[in-house]
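Worksheet: one structure, shown below.
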Amino acid sequence: KTLKEKLTTTPILACPDFGQTFVLRVDASGDGLGASLTQTQNGKEVVIAYGSRLLTGNERKLSVTENECLALVWAVKKFRPYLEGYHFIAESDHQALRWLQKLETPSGRLARWVLELQQHDMEIRYRKGAL
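Just so you know, we're using the UniProt record's numbering here: the sequence shown kicks off at 1 and counts up by one.
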């Protein structure tokens, strides 16, 4: 499809298939957080849901790593009805998130976020972002 077609047609959301693995893609910028929940159905990647929100004033002061982690925590909460009790893959363009599950002694904000994320059967993967 051409860029014009992609920008002018409405994306159609698919119904979730709870027998397939969900992929949660998250990203953060200096202004906000974004996420998409996808699956592969019939050999094609389909979008189940999208979400985004602006950062608060205090959140804008966080480091890039903290904002990427915040994006993951926020997205897992937002899409909890789809993810609760199922194995899923979380993808981010921020490699540091992969060490999140391996932290031995997290502290403060990161400790709270790690505890929240440990409730889920999730694999965090790095996905190269667009330049």
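Yeah, the Cβ is synthetic: ideal placement off N, Cα and C, and Gly gets one too. Bear in mind that the values here come from a model prediction, so they are computed numbers and not experimental data.
Check: Roughly how far, in whole angstroms, is the beta-carbon of His87 from the beta-carbon of Thr21, given that I think they are within contact range, below 8 Å?
Finding: 6 Å
Next item on the list: Return the first residue and the last residue of the beta strand (DSSP E) that Arg125 is part of.
Entry: 122 to 126
Notebook entry, point to check: Should Ala79 go down as buried or exposed, given a rule of 16 or more other Cβ atoms within 10 Å for buried?
Noted result: Just to set this straight, residue 79 is Phe in the shown sequence, not Ala. Flag for Phe79 reads buried.
Check: Assuming residue 133 contacts Leu115 under a Cβ cut-off of 8 Å, what Cβ separation, rounded to an integer in Å, is found between them?
Finding: Past the edges of the chain, shown from 1 to 131, lies residue 133, and the structure says nothing about it.
Check: From this set, Pro16, Asp27, Trp74, which residue's C-alpha is nearest Leu117's C-alpha?
Finding: Trp74
Margin query: Could you check whether Ile89 and Glu123 sit closer than 7 Å to each other, using their CB atoms as the reference points?
Written below: yes
Margin query: Suppose the cutoff is 7 Å on Cβ atoms and the five residues either side in sequence are ignored; what does the same chain contact list for Asp17 look like?
Written below: Gln39, Gln41
Item checked: Beta carbon of Val47 nearer than 7 Å to that of Ser36 -> yes
Note to self: For Leu13 and Tyr50, I'd like the C-alpha separation in whole angstroms.
What the structure shows: When rounded, the separation of the alpha-carbon atoms in Leu13 and Tyr50 is 9 Å.
Check: Shortest alpha-carbon distance to His120 belongs to which of Glu45, Leu24, Gly85?
Finding: Gly85
Next item on the list: Compare the Cα-Cα distances from Gly30 to each of Arg60, Trp99, Lys44, Arg53 and report the closest residue.
Entry: Considering only alpha carbons, the answer is Arg60.
Checklist line | Of the listed residues Gly57, Ser52, Arg112, nearest to Leu24 (C-alpha basis) | finding: Ser52
Note to self: If you measure between the beta carbons of Glu91 and Arg125, is that distance less than 7 Å?
What the structure shows: yes
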